[in-house]
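Chemist:
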Amino acid sequence: MEGARSEPERQLQPAPLEPLGGLDAEQDAAVGEEAEGDLEEGSEDRKMTENNFSLKKIEISVSEAEKRSGRNAVNMQETYTAYLVETRSVEHIDGQSVLTDSLWRRYSEFELLRSYLLVYYPHVVVPPLPEKRAEFVWHKLSADNMDPDFVERRRIGLENFLLRVASHPILCRDKIFYLFLTQESNWKETVNETGFQLKADSRLKALNATFRVKNPDKRFTELKHYSDELQSVISHLLRVRARVADRLYGVYKVHGNYGRVFSEWSAIEKEMGDGLQSAGHHMDVYASSIDDILEDEEHYADQLKEYLFYAEALRAVCRKHELMQYDLEMAAQDLASKKQQCEELATGTVRTFSLKGMTTKLFGQETPEQKEARIKVLEEQINEGEQQLKSKNLEGREFVKNAWADIERFKEQKNRDLKEALISYAVMQISMCKKGIQVWTNAKECFSKM
Amino acid sequence: MSGGPPKALPSTGPHSLRDMPHPLAGSSSEEAVGGDSTPSPDLLMTRSFGDKDLILPNGGTPAGTSSPASSSSLLNRLQLDDDIDGETRDLFVTVDDPKKHVCTMETYITYRITTKSTRVEFDLPEYSVRRRYQDFDWLRNKLEESQPTHLIPPLPEKFVVKGVVDRFSEEFVETRRKALDKFLKRITDHPVLSFNEHFNVFLTAKDLNAYKKQGMALLTRVGESVKHVTGGYKLRSRPLEFAAIGEYLDTFALKLGTIDRIAQRIIKEEIEYLVELREYGPVYSTWSALEGELAEPLEGVSACIGNCSTALEELTDDMTEDFLPVLREYILYSDSMKSVLKKRDQVQAEYETKLEAVALRKEDRPKVPADVEKCQDRMECFNADLKADMERWQNNKRQDFRQLLMGMADKNIQYYEKCLTAWESIIPLLQEKQEAK
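So the protein lines, in turn, are chains W and B.
Read in order, the letters of the first sequence correspond to residues -1 to 448 in this note's numbering.
Read in order, the letters of the second sequence correspond to residues 1229 to 1665 in this note's numbering.
#1: Would you check if the distance between the CB atom of L321 of chain W and the CB atom of K432 of chain W is smaller than 8 Å?
#2: Quick one: list the residues of chain W neighbouring C1647 of chain B, beta-carbon separation under 9 Å, in chain order.
#3: Could you list which residues in chain W have their beta carbon closer than 7 Å to that of P1656 of chain B, in chain order?
#4: Which value, in whole angstroms, describes the spacing of the CA atoms of K1424 of chain B and F1411 of chain B?
#5: Does F445 of chain W get closer than 8 Å to chain B when you measure Cβ to Cβ?
#6: DSSP state of D1365 of chain B, grouped into three classes?
#7: Just reading off the beta strand (DSSP E) that P1326 of chain B is part of, what are its end residues?
#8: With H, G and I counted as helix, E and B as strand and the rest as coil, what does DSSP make of V60 of chain W?
#9: How far does the beta strand (DSSP E) with V96 of chain W in it reach, from first residue to last?
#10: Any Cβ of chain W within less than 8 Å of the Cβ of Q1659 of chain B?
#11: According to DSSP, simplified to helix, strand and coil, what is V283 of chain W?
#12: Counting only runs that start and end within the stretch 1512 to 1595 of chain B, where is the alpha helix (DSSP H) found for 4 or more residues in a row?
#13: Please report the straight-line C-alpha distance between S87 of chain W and L179 of chain W, rounded to a whole angstrom.
#14: Taking its Cβ as the centre, do 16 or more other Cβ atoms sit within 10 Å of D1365 of chain B, making it buried, or is it exposed?
#15: So that I know if they touch, is there some Cβ in chain W lying closer than 8 Å to that of E1527 of chain B?
#16: Using Cβ-Cβ distances below 8 Å, what residues of the stretch 216 to 235 of chain W are close to chain B?
#17: Determine, for L312 of chain W, whether the minimum Cβ-Cβ distance to residues of chain B falls below 8 Å.
#18: If we ignore side chains and look at the alpha-carbon of each, how far apart do D1417 of chain B and G1509 of chain B end up?
#19: Tell me the DSSP bridge mates of K1639 of chain B?
#20: Starting from V1420 of chain B, trace the beta strand (DSSP E) in both directions and tell me its first and last residue.
#21: Measure the C-alpha to C-alpha separation of A63 of chain W and W136 of chain W and round it to an integer number of angstroms.
#22: Could you check if G68 of chain W is buried or exposed, using at least 16 other CB atoms within 10 Å of its CB as the buried criterion?
#23: Using a Cβ-Cβ cutoff of 7 Å, what residues of the stretch 245 to 269 of chain W are near chain B? List them in chain order.
#24: Skipping 5 residues on each side, what residues in its chain have a beta carbon closer than 6 Å to that of L1658 of chain B?
#25: In whole angstroms, what separates the C-alpha of L1319 of chain B from that of G434 of chain W?
#26: Does R1358 of chain B come out as helix, strand or coil in the three-state DSSP assignment?
#27: Between V96 of chain W and L160 of chain W, what straight-line distance do the alpha-carbon atoms span, to the nearest angstrom?
#28: Could you work out which residues of chain W lie near T1486 of chain B, taking near to mean beta carbons separated by less than 7 Å?
#29: Anything in chain B within Cβ reach of A441 of chain W, meaning under 7 Å, just list it in chain order.
#30: Kindly indicate which residue of W:A441, W:Q386, W:C316 and W:Q338 has the alpha-carbon position closest to the one of E220 of chain W.
#31: Can you find a CB in chain B that lies within less than 8 Å of the CB of I421 of chain W?
#32: Quick one: give me the first and last residue of the alpha helix (DSSP H) that R217 of chain W is part of.
#33: Please classify V1348 of chain B as buried or exposed, where buried requires at least 16 neighbouring CB atoms within 10 angstroms.
#34: Here's a check: name, in chain order, each residue in its chain whose Cβ is nearer than 6 Å to the Cβ of H234 of chain W, leaving out the five neighbours to either side.
#35: Give the residues of chain W in contact with E1504 of chain B, contact being defined as C-beta atoms less than 7 Å apart.
#36: Pick from B:M1565, B:D1599 and B:S1374: whose alpha carbon is nearest that of Q1622 of chain B?
Pasting the structure below:
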C-alpha cells in the first residue's frame, strides 16, 4: 500500500538552521512562557529565513520497516521493529529530490517525540500516533504487533504523523523535531536533556483543576464535551464496522462452497455440466474477492482512528486551559486573602478566622513592631502576587488566543480529511458493488447456457 | 429479520358450521363460471384411462393388449408435446387466490383452481373450484396408486419443519401456492397423468369429499396389476440404464442437499450481516448530530447504509421464499423417483423369478404360461413409461434449474445495483462545498 494521503508528501518550509530560542535546558522559565517565547522568536526566525534563504522544500517518508533484535533497558533480548525515516530536499528549480537524511527510528522514539511536543506546545492540537496495539480487529485481522499487515499500516501511520507535524506552522520549526529527522545517535539523550518530563503537568494536578475550576472559557468546555462525544461515537463506529467486516467476510466465503459443489454436480450432468462448472468458477472468484475489499477498508478504519486519537489531543488542550485557569483563579484567591489579611492587621478588625488570630486571643496580642513586620511581608507578597497575577492573566489570554487559532485550523483540517475519507469509502463501496454485479452477471450467463 | 409481523390473510371469520357455505362446494368462489356439474357416476364408470391408449370417449381398453406398439405411440406423443411447446396446448390450470377459513374445529387455507380446457374429457370449457392442501395430498396419493409406473411430481412439504414459521403468514402461503401451482402444471404437462380420472375430478368436482368417500374409482389396468406385485423377489441384474438412473439420482439428491445447506448458510450469514448493518448506519447519524460542516455528509452515509440494508433484506427474503423451496421440491422429487425405481425392480424381479421357475420345471410346455406373460407385460410397460418419464424429467429439470439459478444470480445483481445506486447518489453530496456557516 502506498502512502495513504491523497496529497503527495507535504512540502515543508525550510527547517531553520539555527536552534530556536527557549530550548536550552538551562532556562527555568515556566512552560507557558517558553512556548510563547518560541512563538515570538519562531515568527521572527521565519521572517528572517524567508528573507535570507532560498526556499527549499522537504519531503519526508517512512519508507521501510525492519525487524530488529536488541537489548532493552534491563538488558534483556527483545525483538522490535525499526522504521526508516528518509528526508529529501527538493530543489525548487528542477524538482529533483536529493536524499539528505536517512535514519532508523523505533516506535518508542516516535512516542518520545510526541510527548516532548505535548509539553512544549500545549496550545497546539498535536497530531496523534498510530495505535500502539491493534484494536478494533475483526477476526481475520491479526492482533499481533509483529504481523506484517499491522506493521505496514503502522508504517503508513507513522509517516502520516511526521507529515502532519511537518506541515504544522508551529511544530515544523521545532529543533527536536528537526533532530529527530537528522540526528540518529544521541537524539534520545538530547530530548531528555531538555528536561521536558519535569515540566510536564501532573495528571493529578490536571484532574484536580478540571473539577475545581470555576470560570473556564465556555468554548473550551464545549470543545471538551465535543471531543468526548467524538471519541465515543468513533469508537462505536469502529467496533461495529469491525463486526460488519466479519459478517461480510462470512457471506462471501460461504459462496466459495458453491464452486466445489457445482463442480461435483456438473460431473453427473450432460447438457448442464459446462454451465454449472463455469458458474462455479465465478463463485470462487466472488469468494476470494473479499480479501482485497476488506484490506482496502482497513485504510478507511485507520483514517477514522486518527481522528479518534485526535479527540484525545483536543482534550489535552482543553485540560491545559483548565489548569491555567485554575492556577489563575487560585492565584487571584490567594492574593485576595492576603490583601484581606493585610487589611485586618492594619485596621485591627478580625473578620475571618485565622490561626494567628486564635493564638493572639489565647496568648495575647503581638507587639506593634511584630505587627509592622508582618504587614510589610504581606505587602511585599501582595505586590509579587499582583505581578504574578498580571502575567498569569496575560499568559492565559495568550494561550486561549493561540490555542483557539490552532483549534480553528484543526477544525478545517478535520472537515477536509473526513470528507475525503467518506468519499473514498463511498468509492470503495461502489467498486465492491460493481465487482459483485460483474461476477453475478458472469455467473448468470453461465447458468443461461445450461 | 423481516421487519414487522407476517401479514395475515383476510379470514372468513368464525361462523356456525350450518350457516357457512361449504368452502369446497365452489359457491364461495368469485367467478360464477362453471364448476357446477359433477361428472355423473355413470360417466365415471365407463371411462377408463389406459396409460398407453389413445383416449376413447366411450369404453375402455380391451384387456390383454401388449406393449410395444402402444409404447411407441406414447413416445410419439411425447415428441409431439415437446415440439408443440404450449401452442396447441389444450389444458391450462392455475392456482391462486388463497383464502383463510376459520371454523370452530380448525382453521385452514383454500386455493382457487382455475381450469380451462378444450378436451372432451371436460364437460365445460372452464372450471373454478377451491381446494385445500389435504385435497392435493389426496390427489397425489391417488396418482401414485393409479399410475405407479410414472413419476409423480412432489408436493411442498406437509409439515413446516421450522416451528417458528407461521402457517398463515402471507409469505408462507404464497410460497406454498407457487409450489402447488407448479405441481398441477407438471401434471398438466404430462401426456398420461393429465388424463388421469382423479385429476379430472380434482379439477372439476364441486364436492370432492363426496367423491373421495365413494371409494375406489377404477384403477388403471396397469395400476391394478402393479398394486398386486409382491415384494420379496430378488433382482438378478438391473438393466444398465436403470442402474445409471439410480446412481444419478443418488448423487443428484446428495448434491442438491449440499446446495440446500450452502444456501441456508448464506442466508444465515446475510441475516447476521444485516443485523450489524442496522446498527452501523445509525451511528453515522449520531455522529452527524455532533458536527457542523460534516453533518450532511454523515447523514447521507447513514441513509445510504440504510438503503443497502433494505436491499439486503429483500435479497434474503427472496432467496428464502423462491430459491430454497424449489430445491427442496427437487429433493423430494428424486426421493419419490427412487421409490418408483424400486417398484420397477420388484416387477422385474418377479418376472425373472417366475420365468426361471418355469424353465426349471420339467414340463414340456413350449408355451410360456399366461401369468409369466403378464409379468413380462407389466415389466415392459413399466420400463417404457419410466424411460419416457425420465427423459421428460431430465429436460424439465434442466429448464427448472436454469431458471432457478438464473433467478438467484438476478436477485444478487439487483441487490448490488440497488446498493450501487445508493452510493453513487451520495458522491455529489459528499463533494459539495458548503458555504461558510
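Where a beta carbon is used, it is the ideal one built from N, C-alpha and C, also for glycine.
Modeler: So, from the listed chains and residues:
#1: no
#2: Q427, I428, M430, C431 and G434
#3: Correct list: empty, because the minimum Cβ distance to chain W is about 10 Å.
#4: A small correction: the amino acid at residue 1424 of chain B is Asn; Lys does not occupy that position in the sequence shown. Answer to the nearest angstrom: the Cα atoms are 15 Å apart.
#5: yes
#6: helix
#7: L1319 to V1330
#8: strand
#9: S95 to R104
#10: yes
#11: helix
#12: 1523 to 1546 and 1552 to 1588
#13: 12 Å
#14: exposed
#15: no
#16: Y224, E227, L228, V231, I232, H234 and L235
#17: no
#18: 50 Å
#19: The partner list for K1639 of chain B (beta bridge, DSSP) is empty, contrary to what the question assumes.
#20: Careful: V1420 of chain B lies outside any beta strand (DSSP E) and carries neither H nor E.
#21: 24 Å
#22: exposed
#23: R245, L246, G248, V249, V252, H253, N255, Y256, V259, E262, W263, I266 and E269
#24: P1525
#25: 42 Å
#26: strand
#27: 19 Å
#28: V259
#29: A1637
#30: W:C316
#31: yes
#32: K216 to S264
#33: exposed
#34: none
#35: V238, R241, V242 and R245
#36: B:M1565
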